[in-house]
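Heads up: the sequence lines are chains A and B, in that order.
Going by the working numbering, the first sequence wraps up at 372, each residue one higher than the last.
Going by the working numbering, the second sequence wraps up at 479, each residue one higher than the last.
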Amino acid sequence: IPGRHSYAKYNAWDKIVAWTEKMLHKHPDMVSRIKIGTTVEDNPLYVLKIGKKDERRKAIFMDCGIHAREWISPAFCQWFVYQATKTYGKNKIMTKLLDRMNFYVLPVFNIDGYIWSWTQNRMWRKNRSKNPGSKCIGTDLNRNFNASWNSFPDTNDPCEETYGGPTAESEKETKAVTDFIRSHLKSIKGYITMHSYSQMLLFPYGYTSKLPPNQEELAKVAKIGTDALSTRYATHYIYGPIASTIYPTSGSSLDWAYKLGIKHTFAFELRDKGKYGFLLPESQIKSTCKETMLAVKFIAKYILQHIS
Amino acid sequence: IAPVRFDKEKVFRVKPQDEKQANILKDLAKTNKLDFWYPDATHIAVNMRVDFRVSEKESQSIQFVLDQNKMHYEILIHDLQEAIEKQFDVKED
């Protein structure tokens with residue numbers, strides 16, 4: 065059917081919403097949908113809970129699409145849900161994971177920005193909130209978390225691409241996510257956030273070059289995760305703490321989740337390394353998703369086996 | 387509203403070799419509208435690769451400054467609008 069949802073293509077928001085409904089109906093025992101809030105433009109923020117009904121089990125929260133133009137990121141979350149439901153009972157690792165833990169998947173974090181990048185400006189990054197006293201629209205949601213918020217000067221100007229908002233958690237989208245994670249903190253043992261591009265697997269901190277107490281463990285997990293990823297197509301990822309691997313950044317979701325107490329938090333910068341940048345062709349979606357699945361399943365397995 | 391078009395916009399990759407070149411790049415960021423792709427902010431350091439998007443008009447003056455200062459750069463994308471249209475390279479199922 066022309067225009068239907070496809071895992072091999074980029075899907076606009078209305079197709080993704082329809083896809084969430086389809087997944088609910090196809091897998092009622094494994095998929096449930098939680099509306100955690102609404103965006104500035106009143107779009108529904110849906111988290112898909114993948115796994116058995118029992119809320120007490122360990123869980124991993126994974127978000128995609130915090131930056132609007134990074135389209136490969138939401139494509140991965142859709143692929144993850146598809147593979148989890150399709151291979152449960154067939155693939156040994158996925159079956160073991162879903163028998164013993166849940167995944168909370170936020171397919172698109174920055175829905176308003178994602179829609180805008182489809183309809184008006186493919187290069188859009190921020191959300192679409194208005195900034196009083198400025199003609200410039202939007203806050204960078206990944207600078208809006210209460211983790212050393214606004215500690216760098218370049219996040220002060222609403223016209224900057226990395227504007228962190230008037231206050232920490234000022235944005236409806238951020239608040240919806242932080243409220244959900246806080247209210248499920250007993251069960252959430254891991255946090256994964258998907259970005260693009262530059263093929264990196266990052267862990268805290270971003271706001272300081274200090275290293276987290278368990279940085280050796282995080283580095284070990286990141287190394288094995290990137291090794292697993294590269295077994296599929298030999299795609300090379302680097303890994304390390306955000307501040308020294310890319311550059312210092314404040315107010316990020318990764319640092320916030322870590323400081324909240326989730327000690328296994330990772331950020332993926334998916335393909336590629338700049339040949340296409342944010343415009344990764346659809347013909348690379350499946351291979352990008354397949355290789356990334358290997359790293360995400362390893363991280364989940366590690367958390368299942370090592371975190372009480 | 388008609389969607390924004392990016393005809394002949396370019397994406398540059400520059401790797402400043404020393405402080406002087408890093409400062410030249412910082413000055414270009416101040417005098418031109420550069421959309422930083424990597425890293426995602428105006429964070430320029432020596433030996434760090436920096437990717438940024440710039441309009442066709444500004445790209446000529448930027449190229450002139452980079453050439454004049456013998457800075458190493460490459461153009462990752464020569465026509466952004468073309469790349470935007472080419473990303474949809476999978477037919478409907």
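Beta carbons are placed, not taken as given, at the ideal position from N, Cα and C, and that holds for glycine.
Terminal residues of the alpha helix (DSSP H) in which residue i lies
i: A:H429; result: Summary: the structure shown does not reach residue 429 of chain A, with chain A confined to residues 65 through 372, and so no result is reported for it.
i: B:A415; result: E405 to T417
i: A:W143; result: I136 to T151
i: A:L249; result: Careful: A:L249 lies outside any alpha helix (DSSP H) and carries neither H nor E.
i: A:A283; result: Q279 to Y297
i: A:D127; result: A:D127 -> not in any alpha helix (DSSP H); beta strand (DSSP E) instead, spanning K122 to C128.
i: A:M264; result: Note, A:M264: premise wrong, no alpha helix (DSSP H); beta strand (DSSP E) at M264 to F267.
i: A:S317; result: S317 to L324
i: A:S308; result: I306 to T309
i: A:R164; result: K156 to R164
Residue burial classification, residue i (beta-carbon count within 10 angstroms, cutoff 16)
i: A:P217; result: exposed
i: A:A82; result: exposed
i: A:I50; result: This structure leaves residue 50 of chain A out entirely; chain A is present only between 65 and 372.
i: A:S198; result: exposed
i: B:P425; result: buried
i: A:Q184; result: exposed
i: A:T352; result: buried
i: A:S372; result: exposed
i: A:L159; result: In the sequence on display, residue 159 of chain A carries Thr and not Leu. The residue in question, A:T159, is exposed, as its Cβ has fewer than 16 Cβ neighbours within 10 Å.
i: A:W106; result: According to the sequence shown, residue 106 of chain A is Asp rather than Trp. By the neighbour-count rule (16 or more Cβ atoms within 10 Å), A:D106 is not buried but exposed.
i: A:K73; result: buried
i: A:G254; result: buried
i: B:V432; result: exposed
i: A:R192; result: buried
i: A:C141; result: buried
i: A:H380; result: With chain A running from 65 to 372 in the structure shown, residue 380 of chain A is simply not present.
i: B:Q403; result: exposed
i: B:Q473; result: buried
i: A:S316; result: buried
i: A:E333; result: buried
i: A:P92; result: exposed
i: B:R439; result: buried
i: A:R120; result: exposed
i: B:N455; result: exposed
i: A:Y297; result: exposed
i: A:T356; result: buried
i: B:V390; result: exposed
Pair within 7 Å by beta-carbon distance, residue i and residue j
i: A:R189; j: A:H131; result: yes
i: A:Y311; j: B:H458; result: no
i: A:N208; j: A:G229; result: yes
i: A:A41; j: A:N210; result: Lying before the first or after the last residue shown, residue 41 of chain A is absent from chain A, which here runs from 65 to 372.
i: A:I256; j: A:F330; result: yes
i: A:Y227; j: A:T203; result: yes
i: A:T313; j: A:G270; result: yes
i: A:I80; j: A:F167; result: no
i: A:K122; j: A:M94; result: no
i: B:D475; j: A:P268; result: no
i: B:K394; j: B:E442; result: yes
i: A:K236; j: A:T84; result: no
i: B:S445; j: B:K396; result: yes
i: A:I349; j: A:A148; result: no
i: A:L112; j: A:R133; result: no
i: A:V285; j: A:Y366; result: yes
i: B:D437; j: A:G304; result: no
i: A:F173; j: A:G101; result: no
i: A:F362; j: A:I252; result: no
Endpoints, beta strand (DSSP E) assigned at residue i
i: A:H370; result: Unbroken run through A:H370 is the alpha helix (DSSP H), I349 to H370; no beta strand (DSSP E).
i: B:K443; result: No beta strand (DSSP E) holds B:K443; the alpha helix (DSSP H) holding it covers E442 to Q454.
i: A:A331; result: T329 to L334
Reduced DSSP secondary structure (H/G/I, E/B, other) of residue i
i: A:F342; result: helix
i: A:G254; result: strand
i: B:R399; result: strand
i: A:Y301; result: coil
i: A:P171; result: coil
i: B:L466; result: helix
i: A:K113; result: strand
i: A:T272; result: coil
i: A:I98; result: strand
i: A:R207; result: helix
i: A:S181; result: helix
i: A:P108; result: strand
For residue i, the residue or residues it bridges with in DSSP
i: A:I201; result: A:K194
i: B:P425; result: None, per the DSSP bridge assignment.
i: B:V432; result: Its beta-bridge partners do not exist; DSSP assigns none.
i: B:I461; result: B:F398
i: B:R391; result: For B:R391, which the question treats as bridged, DSSP gives no partner whatsoever.
i: B:R439; result: B:V397 and B:D421
Any non-hydrogen atom of the ligand ATP closer than 6 Å to residue i Cβ
i: A:I245; result: Among the components modelled here there is no ligand, and therefore nothing to report on the ligand ATP.
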